[in-house]
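Worksheet: one structure, shown below.
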């Protein structure tokens, strides 16, 4: 992410600096390495404010593709696609996968990881109490149940999007966790304190989408560190 500065005085905002310092305090307590020179992220004024409807529909789409990746039968997949009216909300990559009767094992694995992105959005919508350190995979059964036991309209109604400040706190923290993972890999070192690279990547992806990083559509979100 690029360093953000105020157009008025050319200075980095106090909000962004405070957020970075809070993240570094958490990392220090967990003995996770961090780079003090890593830039700040967007402020609440700069971040995209997504609606709960948009986030809820994105979550349902992720849960569907992840379930197919994990092995949900094609008949059931297509039935869910229509009953939840998700076709217009799937990205081009997701729709191609959902309609593919014989997806590759690689694609199945990649889309199964979307449970972690969905978990992140479930947190943003209030269904998950806290994210915690990205050290282990999410409760897939609980994530799937949030969708299977409701309808699209009820899921949206039951959602309560967290304040943008809370979302930015997590976006800043995962950015720094992800740096620690990548730095260890680059140096051929052990991943610090059992962080899970896949979980870290998916959370970072979902949080960058939530805050509108680089204004990219879902299929093209980046996770720069």
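Numbering (this note's numbering), first residue to last: 1 to 225.
The beta carbon of each residue, even a glycine, is placed where N, CA and C say it ideally should be.
This structure is a prediction, so every number in the text was calculated from the model and none was measured.
| Starting from residue 64 and walking both ways along the alpha helix (DSSP H), at which residues does that stretch end? | Stepping through the chain shown from its first residue, residue 64 is reached at position 64. Unbroken alpha helix (DSSP H) run through residue 64: 52-70.
| query | For the region 127-136 against the region 187-196, are there 3 or more C-beta pairs whose distance is under 8 Å? | reply | yes
| task | Flag this pair as touching only if the region 58-71 and the region 83-94 have three or more C-beta atom pairs under 8 Å; answer yes or no. | result | yes
| task | Measure from the alpha carbon of residue 23 to the alpha carbon of each residue in 31, 12, 176 and 182, then state which is nearest. | result | Position 23 of the chain shown, counted from the first residue, corresponds to residue 23. Checking every option, the nearest Cα to that of residue 23 belongs to 176.
| Out of 68, 39, 32 and 204, which has the shortest C-alpha to C-alpha gap to residue 109? | Taking the first residue of the chain shown as position 1, residue 109 is located at position 109. Comparing Cα positions, the closest option is 68.
| query | Can the beta-carbon of residue 165 be found less than 7 Å from the beta-carbon of residue 211? | reply | Position 165 of the chain shown, counted from the start, is the residue given in the question as residue 165. Position 211 of the chain shown, counted from the start, is the residue given in the question as residue 211. Not a contact, by the Cβ cut-off of 7 Å.
| message | Let me make sure I understand the geometry here. Which of 12, 200, 173 and 169 has the alpha-carbon closest to that of residue 228? | response | Residue 228 is absent from the model: the chain starts at 1 and stops at 225.
| field | Of the listed residues 214, 220, 190 and 202, nearest to residue 32 (C-alpha basis) | value | Reading the chain shown from its first residue, position 32 is the one you call residue 32. Checked all of 214, 220, 190 and 202; the closest Cα to residue 32 is 190.
| query | Would you call residue 76 buried or exposed, if buried means 16 or more other Cβ atoms sit within 10 Å of its Cβ? | reply | Against the chain shown, residue 76 aligns to sequence position 76. With fewer than 16 other Cβ atoms within 10 Å, it is exposed.
| query | Looking at residue 174 and residue 203, is the spacing between their C-beta atoms short of 7 Å? | reply | Within the chain shown, numbered from 1, the residue matching residue 203 stands at position 203. Within the chain shown, numbered from 1, the residue matching residue 174 stands at position 174. Result yes, Cβ atoms of residue 203 and residue 174 sit closer than 7 Å.
| task | In angstroms with no decimal places, state the Cα-to-Cα distance between residue 185 and residue 141. | result | Numbered from its first residue, the chain shown carries residue 185 at position 185. Numbered from its first residue, the chain shown carries residue 141 at position 141. So the two alpha carbons sit approximately 31 Å from each other.
| message | Applying the 10 Å Cβ sphere with the 16-neighbour rule, what's the burial state of residue 118? | response | For this step, residue 118 is matched to residue 118 along the chain shown. Looking at its Cβ environment, which holds 16 or more other Cβ atoms inside 10 Å, residue 118 is buried.
| task | Could you please give the first and the last residue of the uninterrupted alpha helix (DSSP H) stretch that includes residue 216? | result | Locating residue 216 in the chain shown gives position 216, counting from the first residue. Taken as a continuous stretch (DSSP letters only), residue 216 belongs to no alpha helix (DSSP H), as it is neither H nor E.
| said: Taking only three categories from DSSP, how would you classify residue 228? | reply: The requested residue 228 is not part of the displayed model; the chain covers only 1 to 225.
| field | Separation of residue 158 from residue 205, as counted between CA atoms | value | As a working note, residue 205 is residue 205 in the chain shown. As a working note, residue 158 is residue 158 in the chain shown. If I take the Cα positions, the gap works out to 24 Å.
| query | Between the Cα of residue 213 and the Cα atoms of 160, 152 and 50, which residue gives the shortest distance? | reply | By one-based count along the chain shown, residue 213 stands at place 213. Of 160, 152 and 50, the residue nearest in Cα terms is 50.
| Minimum length 4: unbroken alpha helix (DSSP H) runs contained in the region 84-139 | 92-99, 105-112 and 114-124
| query | By Cβ distance, which residues of its chain are closer than 7 Å to residue 59, with the 5 residues on each side in sequence left out? | reply | By 1-based counting over the chain shown, the position of residue 59 is 59. Closer than 7 Å at the Cβ level, and outside the excluded window around residue 59, lie 118, 121, 122 and 125.
| said: As a quick exercise: from 82, 219 and 216, pick the residue whose alpha carbon is nearest that of residue 151. | reply: The sequence position of residue 151 within the chain shown is 151, counting from 1. The residue with the shortest Cα to Cα distance from residue 151 is 82.
| Which residue from 225, 107 and 162 puts its Cα closest to that of residue 128? | Position 128 of the chain shown, counting from 1, holds the residue named residue 128. Residue 162 is the option with its Cα nearest to residue 128.
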